[in-house]
Structure formats: structure tokens, C-alpha cells
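In my numbering, the protein residues as written are 1174 to 1331.
Written out as C-alpha cells, the structure is:
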């Protein structure tokens, strides 16, 4: 029994780079999951999932955005984005229409219900800020660090 304990301690000290507690990726993964769980009760009142909420934030900002640009903004491929948009369309929050300039391009527009939903969503960011219990400066630094990491990692795959 002592040999197993000694071996376990030795393995831990020999390979700290393989310890879960030392992994940045695990901290990001866990924080991301916790963030999504924090959003869930707020978004359920809006009848939105977290990915739908992200899409709606872009559409509220850029009503009429084309589907390709929306996918780029959200870092989603069409296989993920299309079903998400179909569900929003079924809820009558958005409509997708062919561009009048180029029929190959589909644009996403808010419906009246989608415009009203924006008003209801205005309280969500502040509620999440309060739940985080971090200072605004800490959240801004965290966001900047995450954005830098995203850029660096994406550049490695080009």
C-alpha cells in the first residue's frame, strides 16, 4: 500500500504539466460552463438558449446581417448556425430572407417580437456582472486576455 502511495506522489511531482489542477484549459472550460449555468435561469425567462442569446446580441446590433457574417462573428460553422437560426425563426423572433442584391446571400432580420425581446434582455448583462462578484476592471482584463488567447490560438491554425 505504501509503495502505491509513494508511486502516486512521485508521479505527481514528476509530471506537474499533466496535473488537471495545473491546466489553463481546464480553468477556462470550468469557468465557461459556470458562466453558461449562470445565464440559464435569466435566458429561460426569454425562452432563449445561451447560443441563441449570443446570436441575438449580434442580430440586435446588426439587423439584416448576412448569415455568413453572423457565423464569422459567432465563430460558428453553417452546420451549427443554420439549426440555431431555424429555431429562432420558429419562435418568430427572426426571419431569414434572400438578399435583393444577391440571391445567394441570406440575411437575418428581427421581427417585432425580436425587437421587443431586446428590451427584455437589457437586464441580463448586469445580472451576470453581479453574479460574477468581480470588479468591472477585472472583467475587462479577463475579456481582453480571453480575446488575445483566441487570436493567438486561431493564428496557429491558419
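Beta carbons: idealized from backbone N, C-alpha and C, even for Gly.
{"Asked": "Please give me, in chain order, every unbroken run of the alpha helix (DSSP H) with length at least 4 that falls completely inside the stretch 1218–1303.", "Found": "1223–1234, 1240–1247, 1251–1263, 1285–1294"}
{"Asked": "Quick one: give me the first and last residue of the alpha helix (DSSP H) that residue 1320 is part of.", "Found": "1309–1328"}
{"Asked": "According to DSSP, simplified to helix, strand and coil, what is residue 1215?", "Found": "helix"}
{"Asked": "Straight-line CA distance for residue 1193 to residue 1204?", "Found": "14 Å"}
{"Asked": "Compare the beta carbon distance of residue 1266 and residue 1237 with 8 Å and say whether it is the shorter of the two.", "Found": "no"}
{"Asked": "Please name the residue, chosen from 1278, 1283, 1269, that lies closest to residue 1230 on a Cα-to-Cα basis.", "Found": "1283"}
{"Asked": "Just tell me which of 1277, 1294, 1295, 1221 has its CA closest to the CA of residue 1259.", "Found": "1221"}
{"Asked": "Could you give the DSSP three-state label for residue 1203: helix, strand or coil?", "Found": "helix"}
{"Asked": "Rounding to the nearest angstrom, what Cα-Cα distance links residue 1241 and residue 1291 in this structure?", "Found": "22 Å"}
{"Asked": "Quick check: what's the CA-CA separation for residue 1313 versus residue 1235?", "Found": "23 Å"}
{"Asked": "Starting from the C-beta of residue 1224, find all residues in its chain whose C-beta is less than 7 Å away, skip the five residues before and the five after it, and write them out in chain order.", "Found": "1257"}
{"Asked": "For residue 1244, does the count of other Cβ atoms within 10 angstroms reach 16, so buried, or fall short, so exposed?", "Found": "buried"}
{"Asked": "By how many angstroms is the C-alpha of residue 1187 removed from the C-alpha of residue 1300?", "Found": "44 Å"}
{"Asked": "Just verifying my parser: in three-state terms, what is the DSSP assignment at residue 1193?", "Found": "helix"}
{"Asked": "By the 10 Å Cβ neighbour count, where 16 or more other Cβ atoms means buried, how is residue 1324 classified, buried or exposed?", "Found": "exposed"}
{"Asked": "To the nearest angstrom, how far is it from the Cα of residue 1294 to the Cα of residue 1326?", "Found": "31 Å"}
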